[in-house]
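Peer 1:
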Amino acid sequence: MEPSVEERLMAADARNSAPASAPGPASGLRRLWIAGTAAGFAIAALLVLAARPLASSLQLASADIGKSQDLFDRGDVGPSLFCWSVIRQKSYEQAILEAQLSVGAGIFDCDGQAVFSEESFTLEGGFDTKGIGTLSANLGGAGPLGTGSWVNTDNFFRAWARLQEGWQFEGFDFVVKLDPDTVSFPRRIKQHLMHFGLSADDMVYLDNCPNVDNGFYGGIEVMSQAAFSSFMEGLDGCRQNLPYTGWGEDLFAQKCMEAVGVKMLGDYQLIRDGNCHGPGTPPPCTPGSAAYHPFKDTGAWLNCWKQASGRLDGQPGQVPIQLPGQFAARLPAQWHSPMLHVGSPQAFRGHSGAQGGHEFPTHLVEAAREETEMEEKGDGGAWFGGLPSYHRLK
């Protein structure tokens, strides 16, 4: 006859209330084994929890490829940006802007934008440009600060004048001029500005090429609302008083801002620029930077945009670098475009090249450039247009 439920409960209570017997050797070893196993499970659990952020990142990188999601996007937060460009009609610049418009990227991912061209026309996709007349530029310039690249300041005088007419950049926190061949990520630009704690009222512009004189390179020009407004107000005076003959527009803008009291802040992880310390070849499109320059055809621009945003084949990749043969032989390839250590604490520290995750070998670049210039018997502004004379290495 089986015991009743009450009898089983009474027997269980008796066992639980009975005094424990002295443990023998076997029971002691068993308890040690149980304790060690429990500790092992606890450590394993902690490791699993610690690995979850990495696993989530890897899942995001593998599962969301092909979606219109930037792996470095933190949402539509931060200061507002007004972005603008100058393009030549019926050129690769127009084609690149139309490609940007088709995917809502680059300048068309900013909060406001304007595009200037010779004549007013409508980009394929439905965006109207603003005419500023014939665009012309000469290679090389005169004077101690004459550029070895394109002299385009007169073109930009007309673009700046159109911006002055309606002051359409008012109401935005920062004004960003982008070259058409610059692959840009406006939301990452906002992250840089938030990192520095900058606001629209700060009289500041971002220097973007380290260890050179006049490092305000034209691939991306970031100015606060206060800085750009002061630049606009002082434009006529700068045009009358600055010896800008032979200058590029980026040098003119930098010197004019300095003349009206705008301060410089170095952000040397803002852009990966082939013109900074190099002959103007495209840099690797390793994810993490806010801009990449130059990419002078639609396919190359879109390919870099996909790679830099983590959309290509599940693996952020690189665009092959092709250096001029003689220069490449003299300068170690791994130094041409140093890699940004994405996710490192230095990723957004822009105060110096060394703090930004690499040290650029300026002595090697300078030696290679001087040797090549002597052989070419040029002024450093022909094929080596990426480092014009007013941007000489320090």
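Residue numbering for the sequence shown follows my numbering, beginning at 34 and increasing consecutively.
The C-beta atom is built at its ideal place from N, Cα and C for all residues, glycine as well.
#1: Take the Cβ of residue 194 as the centre, count every other Cβ of all protein chains shown within 10 Å, and call the residue buried at 16 or more, exposed below.
#2: Going by alpha carbons, who is nearest to residue 113 out of 250, 203, 322 and 344?
#3: Confirm, please, whether the CB-CB distance from residue 210 to residue 111 is below 8 Å.
#4: Rounded to whole angstroms, what is the Cα-Cα separation between residue 192 and residue 165?
#5: Assuming residue 129 and residue 331 are in contact, meaning their beta carbons sit under 8 Å apart, how far apart are those beta carbons, in whole angstroms?
#6: Unbroken alpha helix (DSSP H) runs of length 4 or more, entirely within the stretch 110-186: which are they?
#7: Closer than 6 Å by C-beta to residue 186: which residues in its own chain qualify, once you throw out the five before and the five after it? Chain order, please.
#8: Select from 267, 119 and 299 the residue whose C-alpha is nearest the C-alpha of residue 288.
#9: Let me see if you follow: with CB-CB separation under 8 Å, is residue 266 close to chain D or not?
#10: DSSP beta-bridge partners for residue 306?
#11: Tell me whether residue 240 sits in a helix, a strand or coil according to DSSP, three-state version.
#12: Along the chain, where does the beta strand (DSSP E) that runs through residue 257 open and close?
#13: Which of helix, strand or coil does DSSP assign to residue 217?
#14: Going straight from the alpha carbon of residue 390 to that of residue 256, what length do you get?
#15: Can you tell me which of 155, 151, 302 and 149 puts its alpha carbon nearest to the alpha carbon of residue 243?
#16: Mind listing, in chain order, the continuous alpha helix (DSSP H) runs of no fewer than 4 residues lying wholly within the stretch 263-296?
#17: If contacts are defined as beta-carbon pairs under 8 Å, then residue 272 and residue 190 qualify, I think. What distance do you get, rounded to the angstrom?
#18: Helix, strand or coil: which one does DSSP assign to residue 369?
#19: Quick check on this structure: which residue in 163, 241, 153 and 138 has the alpha carbon closest to the alpha carbon of residue 299?
#20: When the Cα atoms are used, what is the spatial distance from residue 118 to residue 336?
#21: Could you name the residues that DSSP lists as bridge partners for residue 321?
#22: For residue 169, does the count of other Cβ atoms within 10 angstroms reach 16, so buried, or fall short, so exposed?
#23: Quick check on the burial criterion: 16 or more other C-beta atoms within 10 angstroms. Buried or exposed for residue 159?
#24: Determine the closest residue to residue 320 out of 270, 216 and 263, with distance taken between C-alpha atoms.
#25: Round the Cβ separation of residue 263 and residue 297 to the nearest angstrom and send it over; I've been treating them as touching at under 8 Å.
#26: Looking at residue 162: is its Cβ nearer than 8 Å to the Cβ of residue 141?
#27: Measure the alpha-carbon distance for residue 315 versus residue 125 and round it to whole angstroms.
#28: Which residues does DSSP list as the beta-bridge partners of residue 207?
#29: Tell me which same chain residues have a C-beta within less than 6 Å of the C-beta of residue 249, skipping the five on either side of it?
#30: Among 135, 120 and 167, which one has its Cα closest to the Cα of residue 147?
#31: Any idea if residue 214 is buried or exposed, counting beta-carbon neighbours within 10 angstroms, 16 or more meaning buried?
#32: What does the Cβ neighbour count give for residue 200, buried or exposed, with the cut at 16 atoms within 10 Å?
#33: Between 344, 305 and 131, which lies nearest to residue 327 when the distance is taken from Cα to Cα?
#34: Run through the DSSP bridge pairs and tell me what residue 298 is partnered with.
Peer 2: So, to answer that:
#1: What you label residue 194 is simply residue 161 of the sequence shown in a count that begins at 1. That one is exposed.
#2: Mapped onto the sequence shown, residue 113 falls at position 80. It is 203 whose Cα lies nearest to the Cα of residue 113.
#3: On the sequence shown, position 78 is the one that residue 111 refers to. On the sequence shown, position 177 is the one that residue 210 refers to. No; because the gap between Cβ atoms is not below 8 Å, this pair is not in contact.
#4: The residue given as residue 192 occupies position 159 in the sequence shown. The residue given as residue 165 occupies position 132 in the sequence shown. C-alpha separation (whole angstroms): 6 Å.
#5: Here the question's residue 129 lines up with position 96 in the sequence shown. Here the question's residue 331 lines up with position 298 in the sequence shown. About 6 Å separates the two Cβ atoms, so the contact holds.
#6: 125-136
#7: Indexing the sequence shown from 1 puts residue 186 at position 153. Cβ neighbours of residue 186 beyond the five flanking positions: 277, 280, 282 and 285.
#8: As a first step, residue 288 must be located in the sequence shown, where it is residue number 255. Out of 267, 119 and 299, 267 has the C-alpha closest to the C-alpha of residue 288.
#9: Absent here is chain D; the protein component of the structure consists of one chain.
#10: Residue numbering aside, residue 306 sits at position 273 when the sequence shown is read from its first letter. In the DSSP output, where bridge partners are listed per residue, residue 306 has 326.
#11: Counting from 1 along the sequence shown, the entry for residue 240 is found at position 207. Looking at residue 240 - three-state DSSP - the assignment turns out to be strand.
#12: Along the sequence shown, one-based indexing puts residue 257 at 224. Per DSSP, residue 257 belongs to the beta strand (DSSP E) from 253-257.
#13: For the purposes of this step, residue 217 is taken as residue 184 along the sequence shown, with counting starting at 1. Residue 217 falls in the strand class under three-state DSSP.
#14: As a working mapping, residue 390 is identified with position 357 in the sequence shown. As a working mapping, residue 256 is identified with position 223 in the sequence shown. Note that residue 390 scores 31 on pLDDT, short of 50, meaning its location in the model is unreliable; the coordinates nonetheless yield the value given after this. The alpha-carbon atoms of residue 390 and residue 256 are separated by roughly 24 Å.
#15: Your numbering for residue 243 matches position 210 in the sequence shown. Nearest C-alpha to residue 243: 302.
#16: 282-292
#17: Counting from 1 along the sequence shown, the entry for residue 272 is found at position 239. Counting from 1 along the sequence shown, the entry for residue 190 is found at position 157. With 8 Å as the limit, residue 272 and residue 190 qualify as a contact, their Cβ atoms being about 7 Å apart.
#18: Along the sequence shown, read from residue 1 onward, the residue named residue 369 stands at position 336. Any answer about residue 369 is weak, because its pLDDT of 37 lies below 50 and its placement is not dependable; what the coordinates show is given next. DSSP places residue 369 in helix when its eight states are reduced to three.
#19: Translated into the one-based positions of the sequence shown, residue 299 becomes position 266. With distances taken between Cα atoms, residue 299 lies closest to 241.
#20: On the sequence shown, position 85 is the one that residue 118 refers to. On the sequence shown, position 303 is the one that residue 336 refers to. Straight-line Cα distance between these residues: approximately 21 Å.
#21: Looking up residue 321 in the sequence shown gives position 288. DSSP lists no partner for residue 321.
#22: Position 136 of the sequence shown, counting from 1, holds the residue named residue 169. It counts as exposed.
#23: The residue you call residue 159 lines up with position 126 of the sequence shown. With fewer than 16 Cβ atoms within 10 Å of its Cβ, residue 159 is classed as exposed.
#24: Your numbering for residue 320 matches position 287 in the sequence shown. Of 270, 216 and 263, the residue nearest in Cα terms is 216.
#25: Here residue 263 refers to the residue found at position 230 of the sequence shown. Here residue 297 refers to the residue found at position 264 of the sequence shown. So it is not a contact: roughly 14 Å between Cβ atoms.
#26: Taking the sequence shown and counting its residues from 1, the one referred to as residue 162 is at position 129. Taking the sequence shown and counting its residues from 1, the one referred to as residue 141 is at position 108. Contact: no.
#27: The count along the sequence shown starts at 1 and reaches residue 315 at position 282. The count along the sequence shown starts at 1 and reaches residue 125 at position 92. Near 16 Å, if we compare the C-alpha coordinates of residue 125 and residue 315.
#28: In the sequence shown, residue 207 corresponds to position 174, counting from 1. Answer is 114 and 257, bridged to residue 207.
#29: Along the sequence shown, read from residue 1 onward, the residue named residue 249 stands at position 216. So the list reads 240, 283 and 287, once near-sequence residues are dropped.
#30: On the sequence shown, residue 147 is found 114 positions in, with the first residue counted as 1. Taking only the C-alpha atoms, the option nearest residue 147 is 120.
#31: Numbered from its first residue, the sequence shown carries residue 214 at position 181. Under this definition residue 214 is a buried residue.
#32: Locating residue 200 in the sequence shown gives position 167, where the first residue counts as 1. Exposed is the call here.
#33: To locate residue 327, count along the sequence shown from 1; it is residue 294. For residue 327, the nearest C-alpha among the options comes from 305.
#34: The residue you call residue 298 lines up with position 265 of the sequence shown. Its beta-bridge partners are 239.
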